[in-house]
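Engineer: If you read the sequences in order, they're chains Y and H. Quick note on numbering: our numbering labels position 47 of the first sequence as 47, and the sequence is numbered without any gaps. With the second sequence counted from 1, adding 1000 to any position gets you our numbering. Glycine is no exception: its CB is placed at the ideal position from the N, C-alpha and C atoms. The structure displayed is predicted, hence computed values, not measured ones. Let me begin by handing over the structure; questions about it come next.
2 protein chains.
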Amino acid sequence: MVTKTRKTNRKEELRDLILDAALKVFVEEGLEHLSIRRIADMISYSATTIYLYFNDKNHLLFELCELGFLRMAEINNNLSSIQNPLERLHRMGENYITFGMEHPAYYDLMFNQAAPMERLATMDNSEWDSGDKALAQLKEIIVECIEQGMIRKGDIDVIAMAIWGTVHGLISLRVCKRFDKLVDASEVLQTMHRSLEWLIQSVDITEK
Amino acid sequence: MVTKTRKTNRKEELRDLILDAALKVFVEEGLEHLSIRRIADMISYSATTIYLYFNDKNHLLFELCELGFLRMAEINNNLSSIQNPLERLHRMGENYITFGMEHPAYYDLMFNQAAPMERLATMDNSEWDSGDKALAQLKEIIVECIEQGMIRKGDIDVIAMAIWGTVHGLISLRVCKRFDKLVDASEVLQTMHRSLEWLIQSVDITEK
DNA sequence: AAATATACTTAACAGTGTTAAGTATTGTGT
DNA sequence: ACACAATACTTAACACTGTTAAGTATATTT
Chain Y
1 MVTKTRKTNR KEELRDLILD AALKVFVEEG LEHLSIRRIA DMISYSATTI YLYFNDKNHL
61 LFELCELGFL RMAEINNNLS SIQNPLERLH RMGENYITFG MEHPAYYDLM FNQAAPMERL
121 ATMDNSEWDS GDKALAQLKE IIVECIEQGM IRKGDIDVIA MAIWGTVHGL ISLRVCKRFD
181 KLVDASEVLQ TMHRSLEWLI QSVDITEK
Chain H
1001 MVTKTRKTNR KEELRDLILD AALKVFVEEG LEHLSIRRIA DMISYSATTI YLYFNDKNHL
1061 LFELCELGFL RMAEINNNLS SIQNPLERLH RMGENYITFG MEHPAYYDLM FNQAAPMERL
1121 ATMDNSEWDS GDKALAQLKE IIVECIEQGM IRKGDIDVIA MAIWGTVHGL ISLRVCKRFD
1181 KLVDASEVLQ TMHRSLEWLI QSVDITEK
């Protein structure tokens, strides 16, 4: 039993080593430069060794994606202290923008790339837990906003999609470099925050 | 002069043949199955012939992208007849959703993939004309809405980004298959339209 | 000490974008 | 009509990619 645990730990260690190397490459050089052989070279193993720890490249990318969701959850730790649900919603959107701008490679993988979803499709429990959790948190806040009469009533799913869509849309356009030629680089971040602010204010039905 | 024109036409013909074949593959089988050799096989030419008509794959994808923008512009022909600018804005959003749902491969290429923007970066006149035009049309309508006191005043760029972001976000999440596990497939389209409707109504400051 | 399981590697397959060099075919000038 | 040159295209190759089958040491168990 002890030996088995030790073995498992050693296995886990190399698995983590692979993920760390993969992370380093795709954060520093982009997803297009992330190849199995590249990772293998970095950690001085043969390329095929990686297939002893991951079914295929999609599997590896999916795991990286999950790490991304962990990091994203972390930056939302500052939400609980905010009483006003609309303010909390606003902050959540700002966190989302911050995350996307600071970790574009993660964001691309989590929401734009096909690989993680292709991996998900092959899994037994094919629920998208990470996405589900993040969306559930958003919906909770929206429910609060509606209960306190701060935003117009409506189907929670519909409102959640609209709000998620907005912040995702902004980040996504940025990550996919669609802003570069349209908005001055130095003003992108500010424009995004002001867009979110405009949305929140438009949605706010208090004091009107 | 006549012969030269004839030659040019013949050149254009093969160029179009390549684009047609490329279009067929990536619409029917997805971008990941679109390879230079695949196109070449379809039109019974060698792979290298394609490089006589396009600098590289990015160039080819950029041209396909431009075709996508043409098609997108077409479906906005129904806007001019709508007097109320807020209604026109709403319809423009619905058109955007319709386009994205009916041509996911085009949409992916136009707004998510890196290739077209990488091509653009290598070009002399590196303005993103297509994106610029589409955004300009959106801004025009927003200006009208503000002038007629239909939506809250604010920086045009900021508002345009917020609205474009919203519809793009919805489509993008769909095209990248992030809705599949979260929203029932049969309800996705309806949810998207209702999200847009909710946004428009939230933004509408008439009769409040 | 023999058998077996573990951890890893080598070699290979089929595919990718891309380039250099070569080959017909066609058009032009004398 | 003949030589020259431009045009249109192909063959072969390079350096990659993900992935798999088969082989090899090493360590563990019996």
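Buried or exposed: which applies to residue 1202 of chain H, given that a residue is buried once 16 or more other Cβ atoms fall within 10 Å of its Cβ?
Structural biologist: The residue is buried, with at least 16 neighbouring Cβ atoms inside 10 Å.
Engineer: Closer than 8 Å by beta-carbon distance: list the chain Y residues that pair up with residue 1068 of chain H, in chain order.
Structural biologist: Those within 8 Å of residue 1068 of chain H in chain Y number zero; the least Cβ separation is about 13 Å.
Engineer: Which word fits residue 117 of chain Y, buried or exposed, when buried means at least 16 other C-beta atoms lie within 10 angstroms of its C-beta?
Structural biologist: The residue in question, residue 117 of chain Y, is buried, as its Cβ has 16 or more Cβ neighbours within 10 Å.
Engineer: Is residue 152 of chain Y close to chain H? Criterion is C-beta to C-beta, closer than 8 Å.
Structural biologist: Output row for residue 152 of chain Y: interface = yes.
Engineer: How is the alpha helix (DSSP H) around residue 143 of chain Y delimited, first residue to last?
Structural biologist: Residue 143 of chain Y -> alpha helix (DSSP H) spans 129-147.
Engineer: Counting only Cβ pairs nearer than 9 Å, list the residues of chain H close to residue 137 of chain Y.
Structural biologist: Within 9 Å Cβ-Cβ: nothing; residue 137 of chain Y doesn't reach chain H, min ~13 Å.
Engineer: Return no unless some Cβ of chain H is closer than 8 Å to the Cβ of residue 64 of chain Y.
Structural biologist: Closer than 8 Å: no.
Engineer: Please report the distance separating the alpha-carbon of residue 1047 of chain H from that of residue 1189 of chain H.
Structural biologist: Looking at the two C-alpha atoms, the distance is approximately 39 Å.
Engineer: Would you kindly work out how many angstroms separate the C-alpha atoms of residue 960 of chain H and residue 1179 of chain H, rounded to a whole number?
Structural biologist: One cannot answer for residue 960 of chain H here, as it falls past the ends of chain H, which runs 1001 to 1208.
Engineer: Distance check for residue 49 of chain Y and residue 1154 of chain H, CA to CA, integer angstroms please.
Structural biologist: About 56 Å.
Engineer: Okay, do the region 85-97 of chain Y and the region 126-146 of chain Y touch, 3+ Cβ pairs below 8 Å being the bar?
Structural biologist: Verdict: yes, contact present.
Engineer: From the beta carbon of residue 159 of chain Y, is the nearest beta carbon of chain H less than 8 Å away?
Structural biologist: With 8 Å as the cut-off, residue 159 of chain Y counts as an interface residue toward chain H.
Engineer: Can you tell which of H:1037, H:1030 and H:1129 has the C-alpha that lies nearest to the C-alpha of residue 1057 of chain H?
Structural biologist: That would be H:1037, whose Cα lies nearest to the Cα of residue 1057 of chain H.
Engineer: When the Cα of residue 147 of chain Y is compared with those of Y:169, Y:166, Y:205 and Y:23, which residue comes out closest?
Structural biologist: Comparing Cα positions, the closest option is Y:205.
Engineer: In terms of alpha-carbon separation, which member of H:1169, H:1165, H:1123 and H:1191 lies closest to residue 156 of chain Y?
Structural biologist: Residue H:1191 is the option with its Cα nearest to residue 156 of chain Y.
Engineer: Hey, is residue 1117 of chain H's beta-carbon within less than 8 Å of any beta-carbon in chain Y?
Structural biologist: At least one chain Y Cβ lies under 8 Å of residue 1117 of chain H.
Engineer: Count the other CB atoms within 10 Å of the CB of residue 1012 of chain H; is the residue buried (16 or more) or exposed (fewer)?
Structural biologist: It counts as exposed.
Engineer: What residue does the alpha helix (DSSP H) around residue 152 of chain Y start on, and which one ends it?
Structural biologist: Neither: residue 152 of chain Y is in no alpha helix (DSSP H) and is coded neither H nor E.
Engineer: Does residue 124 of chain Y come out as helix, strand or coil in the three-state DSSP assignment?
Structural biologist: DSSP places residue 124 of chain Y in coil when its eight states are reduced to three.
Engineer: Sort out for me which residues DSSP pairs residue 1204 of chain H with in a bridge.
Structural biologist: In the DSSP output, where bridge partners are listed per residue, residue 1204 of chain H has H:1151.
Engineer: Could you give the DSSP three-state label for residue 39 of chain Y: helix, strand or coil?
Structural biologist: Looking at residue 39 of chain Y - three-state DSSP - the assignment turns out to be helix.
Engineer: For residue 1069 of chain H, I'd like the list of residues in its chain whose CB is within less than 6 Å of its CB, leaving aside the five on either flank, ordered along the chain.
Structural biologist: Counting only Cβ-Cβ distances below 6 Å, and skipping sequence neighbours, we find 1130.
Engineer: Short of 8 Å in beta carbon distance, which residues of its chain neighbour residue 1019 of chain H, apart from the five on each side in sequence? Order them along the chain.
Structural biologist: Cβ within range, chain order: 1060, 1063, 1064 and 1067.
Engineer: Check this for me: beta carbons of residue 1042 of chain H and residue 1134 of chain H, under 8 Å apart or not?
Structural biologist: In this structure, residue 1134 of chain H does not lie closer than 8 Å to residue 1042 of chain H by Cβ.
Engineer: I'd like the ranges of any alpha helix (DSSP H) spanning at least 4 consecutive residues and lying wholly in the region 53-134 of chain Y.
Structural biologist: Within the region 53-134 of chain Y, the complete alpha helix (DSSP H) runs of at least 4 residues are 57-75, 85-102, 104-107 and 115-122.
Engineer: Whose C-alpha, out of H:1175, H:1174, H:1161 and H:1136, is nearest the C-alpha of residue 170 of chain Y?
Structural biologist: Comparing Cα-Cα distances from residue 170 of chain Y to each of H:1175, H:1174, H:1161 and H:1136, the minimum goes to H:1161.
Engineer: When you compare the CB of residue 1148 of chain H with every CB in chain Y, is at least one pair closer than 8 Å?
Structural biologist: Chain Y contact via Cβ: absent.
Engineer: In angstroms, rounded to a whole number, what distance separates the CA positions of residue 1113 of chain H and residue 1103 of chain H?
Structural biologist: Spanning the two alpha carbons is a distance of roughly 14 Å.
Engineer: Please say whether residue 1181 of chain H and residue 198 of chain Y have beta carbons closer to each other than 8 Å?
Structural biologist: In this structure, residue 1181 of chain H does not lie closer than 8 Å to residue 198 of chain Y by Cβ.
Engineer: At a cut-off of 7 Å, is residue 133 of chain Y close to the ligand MN when judged by its beta-carbon and the heavy atoms of the ligand?
Structural biologist: For the ligand MN, the structure offers nothing, since it holds no ligand at all.
Engineer: Does the Cβ-Cβ distance between residue 27 of chain Y and residue 39 of chain Y come in under 8 Å?
Structural biologist: No, the Cβ-Cβ distance between residue 27 of chain Y and residue 39 of chain Y is not below 8 Å.
Engineer: Look up residue 1013 of chain H in the DSSP assignment and say whether it is helix, strand or coil.
Structural biologist: Residue 1013 of chain H: helix per DSSP, three-state reduction.
Engineer: Residue 31 of chain Y and residue 97 of chain Y: beta carbons closer than 8 Å?
Structural biologist: No, the pair does not count as a contact, with Cβ atoms beyond the cut-off.
Engineer: Alpha carbon to alpha carbon, how far is residue 1164 of chain H from residue 1136 of chain H? Give it in angstroms, no decimals.
Structural biologist: Cα-Cα distance, rounded: 11 Å.
Engineer: Leaving out five residues on either side along the sequence, give the residues of the same chain with a beta carbon under 8 Å from the beta carbon of residue 149 of chain Y.
Structural biologist: Cβ neighbours of residue 149 of chain Y beyond the five flanking positions: 205 and 206.
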